[in-house]
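First up is the structure itself, then whatever we jot down about it.
Protein chains: 2
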Amino acid sequence: MSDHRLTKIVKSLPASIPFVAPEEHERIVGKKFSARLGANENCYGPSPKVLEAIKNLSVDIWKYPDPTAHDLKKVLANFYNIPDNNIVIGEGIDALLGYLVRLFVQVGDNVVTSNGSYPTFNYHVEGFGGQLFKCDYLDDKEDLQSLIDTAAKTNAKLVYISNPNNPMGTWTRGEQIVSLLDKLPNDSLLVLDEAYAEFAPDEAKVPIFLDDPRMIRFRTFSKAYGVAGARIGYGIGNEELIAEFDKIRNHFGNSLLSQVAAIAAIKDQRYLSEIVKKISFGREEIYQIAQSNGLSAIPSATNFVAIDCGKDGKFANQIMSGLLEAKLFVRKPVVAPLDRTIRVTVGRDEEIDLLKNVLPNVLKALR
Amino acid sequence: MSDHRLTKIVKSLPASIPFVAPEEHERIVGKKFSARLGANENCYGPSPKVLEAIKNLSVDIWKYPDPTAHDLKKVLANFYNIPDNNIVIGEGIDALLGYLVRLFVQVGDNVVTSNGSYPTFNYHVEGFGGQLFKCDYLDDKEDLQSLIDTAAKTNAKLVYISNPNNPMGTWTRGEQIVSLLDKLPNDSLLVLDEAYAEFAPDEAKVPIFLDDPRMIRFRTFSKAYGVAGARIGYGIGNEELIAEFDKIRNHFGNSLLSQVAAIAAIKDQRYLSEIVKKISFGREEIYQIAQSNGLSAIPSATNFVAIDCGKDGKFANQIMSGLLEAKLFVRKPVVAPLDRTIRVTVGRDEEIDLLKNVLPNVLKALR
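In order, the protein sequences belong to chains A and B.
Count along the first sequence from 1, then add 1460; that gives the number in my numbering.
Count along the second sequence from 1, then add 1460; that gives the number in my numbering.
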């Protein structure tokens, strides 16, 4: 029986959590993974300059971090050539999505997303009592027409898309996303999750419209920049919209060393280019592995590849279980038809080699 | 004009933020502080073992942190000799207070606190549309009788107290706080903020009642443990109550190196004892400085001292301004009668020497 003192919303929420971490998997089964290919982390890690900055500035850890993240915002503003008032820093995109939902969604408000896209966004929407409308994917991409139609029909407060897409790795051309803006209902905000933007081809780029209040975009240091452990992401949007976050966010939430890490990361664009190149080679390898096992790979603009296992969700699930059993940590979509795939992060050579060795056996055991 | 798409609560919130950081002060006036005595940080920093752990584990920063903070909870559970299901980890007490308010406070719900106590708690209550009832301090302490009377009268959801008290540094005997529990209305939760607990005398200790759903307590690594920059705090309470946080918290909010820092910090209790001793000497020095300037110091169980300037808030404000002008960062309460004091953190020798040298001049200029 739930505590009578809790709010109505909280009483209605499930105890479930968005993701089970690989560490938790390991504790449950009592053995360590040999390959960590499930969370789309950057296995190459951050620039050595990031580690150096952390080492040099860790003596400052007794101080509270700057709650305005002034220096990090300056570096980002300079990088994007935009004013820093258009940027908000948060404890990962996860936290920023939570703040955004809190700003816009009252109990019963409608929110549109895709069936199988980012669960943590849904977690926040449900956490604030919002009503989710989930559009089906079309050709392994978010179906823009369906999203905008549903937004109009429901007068949605928020419309979520990711580009490149998680969990499929696909991408949408930038101008297609831009064209959505004019079709948005007057009460809607387009939420563009660009966690994987640094890996994407130019055609996926969406220009920054600083004065446009109809869209907010989120990016992160957790993927290409290689500091998922630092939990730091940022939003770019209209100045008035960005200012709203200050009314509700945890002002001292961004740790000092996380800010330090992010600053050093963004400054080393040469390292980033190398990473993007390496990841691109890694994707090709995973494509090859899929192909040589009679499976197909969905072309990806991210640091992971969704391998199409060619049958239903149950079959893909069995493959994932086989890989987990062989100490390979991978994840997979749970909603049909995405659930016919398993999602494999570009890992280190030895991790990819393990996949190459193990996958044929897993498939053989199933056939 | 505010964005029509925002929630009713957000539209009603002020743009103000809980604290202006010293870095922001410095940017505004265009000069650096010589002494950082305003944020009650631990100027001695953390145990060297904390810095070593950060150095050793920073290469793991490409990984997402464990969202369950399993290892940190184990260390804390072991330290307190309680099950880890009674512990929740958060991005500082600030974040945990925010989550707690979200769990309990619906629009229009009543919350009781003291007039002049922690502004960030109030920020969260207002942020979720709660109605604050503020009791006056009595003899520079939170007035327990008044708090409990007001809780009964308003059927308050939350009743906030800090022990030791911020901003006055005073403390309340543990049994007095325990005695509150039986007087709490049925709908109330007692929120015990123990950010400064490690500095407090034994008589201030409140036993841990694991099965009691009427109280939750919060502690932090930001004060005695010297890692304010890591933004990590924890709550201890009834298992069912603690489990509620998992329904709404940012599961991946606690950065990897912050968890590492906290684990290393709690393990070095010998260092903590030394710090507590040093801080206690430092307090005495500040008492002396107050006295030799004709002011009085309020006995403190924390790492700061509220110096009673002997007149009204305006006078204390002038002293604070004089200190800021002399590049000494201090803060002060803003609500009468607490506002007659300035709040000075125990700092390094050279910082305290600066206070000793500067304060007479500031006072002379005012007399």
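Idealized CB from N, CA, C, for every residue including glycine.
Using 8 Å as the threshold, is the C-beta distance between residue i and residue j below it?
| i | j | result |
| --- | --- | --- |
| T1467 (chain A) | L1563 (chain B) | yes |
| D1768 (chain B) | L1783 (chain B) | no |
| F1588 (chain B) | N1570 (chain B) | no |
| G1713 (chain B) | A1499 (chain B) | no |
| E1663 (chain B) | R1633 (chain B) | yes |
| K1617 (chain A) | V1565 (chain A) | yes |
| G1431 (chain A) | K1523 (chain B) | Look at the range of chain A in this structure, 1461 to 1827, and you will see that residue 1431 (chain A) is not part of it. |
| Y1578 (chain B) | S1622 (chain B) | yes |
| A1684 (chain A) | I1758 (chain A) | no |
| I1553 (chain B) | F1669 (chain B) | no |
| V1720 (chain A) | R1743 (chain A) | no |
| I1549 (chain A) | A1537 (chain A) | no |
| Y1540 (chain A) | I1696 (chain A) | yes |
| V1585 (chain A) | V1567 (chain A) | no |
| Y1620 (chain B) | T1680 (chain B) | no |
For residue i, report the span of its alpha helix (DSSP H) as first-last.
| i | result |
| --- | --- |
| L1701 (chain B) | E1699 to E1704 |
| Y1559 (chain B) | G1552 to F1564 |
| T1610 (chain A) | L1604 to T1614 |
| D1809 (chain A) | D1809 to L1826 |
| L1532 (chain A) | H1530 to Y1540 |
| V1519 (chain B) | Run containing V1519 (chain B): none; DSSP gives neither H nor E here. |
| L1641 (chain B) | G1634 to L1641 |
| T1580 (chain A) | P1579 to G1587 |
| S1494 (chain A) | Counting along the chain, S1494 (chain A) falls outside any alpha helix (DSSP H), and DSSP gives it neither H nor E. |
| S1837 (chain A) | Since the displayed chain A opens at 1461 and closes at 1827, residue 1837 (chain A) lies outside it and no answer follows. |
Quick one, which of the options has its alpha-carbon nearest residue i's?
| i | options | result |
| --- | --- | --- |
| P1543 (chain B) | B:D1554, B:G1552, B:D1531 and B:L1640 | B:D1531 |
| V1651 (chain B) | B:A1660, B:P1627, B:L1641 and B:N1538 | B:L1641 |
| P1525 (chain A) | A:V1818, A:L1717, A:R1808 and A:F1705 | A:L1717 |
| K1601 (chain B) | B:P1797, B:G1689 and B:A1529 | B:P1797 |
| N1625 (chain B) | B:A1655, B:S1639 and B:L1618 | B:A1655 |
| Y1559 (chain B) | A:S1682, A:R1709, A:H1485 and A:S1648 | A:R1709 |
| D1520 (chain B) | A:G1686, A:K1816, A:P1673 and A:A1475 | A:G1686 |
| A1776 (chain B) | B:A1664, B:V1572, B:L1823 and B:G1742 | B:L1823 |
| D1603 (chain A) | A:S1760, A:H1584, A:D1799 and A:G1576 | A:G1576 |
| H1711 (chain B) | A:D1463, A:R1465, A:A1475 and A:V1666 | A:A1475 |
| L1814 (chain A) | A:D1706, A:K1707, A:I1696 and A:V1790 | A:V1790 |
| Y1583 (chain B) | A:K1707, A:R1827, A:L1826 and A:L1788 | A:K1707 |
| P1661 (chain A) | A:S1733, A:S1574 and A:V1720 | A:S1733 |
| N1673 (chain B) | B:A1657, B:V1638, B:K1683 and B:E1658 | One detail in the question is off: residue 1673 (chain B) reads as Pro in this sequence, not Asn. Per the Cα distances, B:V1638. |
| S1682 (chain A) | A:I1668, A:A1657 and A:M1675 | A:A1657 |
| S1507 (chain A) | A:R1730, A:F1705, A:T1680 and A:F1493 | A:R1730 |
| K1816 (chain B) | B:A1786, B:S1740, B:K1533 and B:K1774 | B:A1786 |
| P1627 (chain A) | A:N1821, A:P1793 and A:I1812 | A:P1793 |
| K1774 (chain A) | A:S1760, A:P1478, A:R1800 and A:K1523 | A:R1800 |
| N1675 (chain A) | A:G1693, A:A1688 and A:P1645 | The amino acid at residue 1675 (chain A) is misidentified as Asn; the sequence shows Met. Among A:G1693, A:A1688 and A:P1645, the Cα nearest to that of M1675 (chain A) belongs to A:P1645. |
| Y1597 (chain A) | A:V1765, A:F1764, A:G1568 and A:G1629 | A:G1629 |
| V1480 (chain A) | B:T1528, B:V1548, B:I1477 and B:N1516 | B:T1528 |
| H1464 (chain A) | B:N1541, B:F1764 and B:D1647 | B:D1647 |
| E1486 (chain A) | A:N1546, A:L1788, A:F1741 and A:I1802 | A:L1788 |
| L1826 (chain A) | A:G1590, A:Q1778 and A:E1811 | A:Q1778 |
| K1737 (chain A) | A:E1484, A:Y1504 and A:K1471 | A:Y1504 |
At which residues does the beta strand (DSSP E) containing residue i begin and terminate?
| i | result |
| --- | --- |
| S1756 (chain A) | S1756 to I1758 |
| Q1620 (chain B) | Checking the displayed sequence, the identity of residue 1620 (chain B) turns out to be Tyr instead of Gln. Where Y1620 (chain B) is concerned, the enclosing beta strand (DSSP E) stretches over L1618 to S1622. |
| L1670 (chain A) | L1670 (chain A) -> no beta strand (DSSP E), and no H or E assigned at all. |
| R1679 (chain B) | M1675 to T1680 |
| R1803 (chain B) | T1801 to T1805 |
| K1707 (chain B) | Taken as a continuous stretch (DSSP letters only), K1707 (chain B) belongs to no beta strand (DSSP E), as it is neither H nor E. |
| N1570 (chain A) | N1570 to S1574 |
| D1653 (chain B) | L1649 to D1653 |
| L1845 (chain B) | Residue 1845 (chain B) is absent from the structure shown; chain B starts at 1461 and stops at 1827. |
Residues of chain C with CB under 8 Å from residue i, in chain order?
| i | result |
| --- | --- |
| E1704 (chain A) | The structure shown contains no chain C; its protein chains are A and B. |
Could you tell me if the beta carbon of residue i falls within a distance shorter than 7 Å of some heavy atom in the ligand ATP?
| i | result |
| --- | --- |
| D1662 (chain A) | As for the ligand ATP, it is missing from this structure, which has no ligand bound. |
Practice prompt. Count the CB pairs spanning the stretch 1504 to 1515 of chain A and the stretch 1723 to 1730 of chain A that are closer than 8 Å, and state whether there are at least three.
Written response: Between the stretch 1504 to 1515 of chain A and the stretch 1723 to 1730 of chain A, the count of C-beta pairs closer than 8 Å reaches three or more; the two stretches touch.
Discussion item. For a minimum of 3 consecutive residues, which ranges assigned as the beta strand (DSSP E) are wholly contained in the stretch 1716 to 1793 of chain A?
Written reply: Taking 3 residues as the shortest admissible run, the stretch 1716 to 1793 of chain A contains the following complete beta strand (DSSP E) segments, listed from N- to C-terminal end: 1756 to 1758 and 1764 to 1768.
Discussion item. When you compare the stretch 1692 to 1700 of chain A with the stretch 1740 to 1756 of chain A, are there three or more beta-carbon pairs, one atom per stretch, that lie closer than 8 Å?
Written reply: Flag = no, the stretch 1692 to 1700 of chain A and the stretch 1740 to 1756 of chain A do not touch.
Worksheet entry | Three-pair Cβ contact test at 8 Å for the stretch 1729 to 1749 of chain B versus the stretch 1603 to 1617 of chain B | No: the two stretches stay apart, fewer than three of their Cβ pairs being nearer than 8 Å.
Practice prompt. Say whether the stretch 1485 to 1505 of chain B touches the stretch 1803 to 1821 of chain B, bearing in mind that this needs 3 or more beta-carbon pairs closer than 8 Å, one atom from each stretch.
Written response: Segments in contact, yes.
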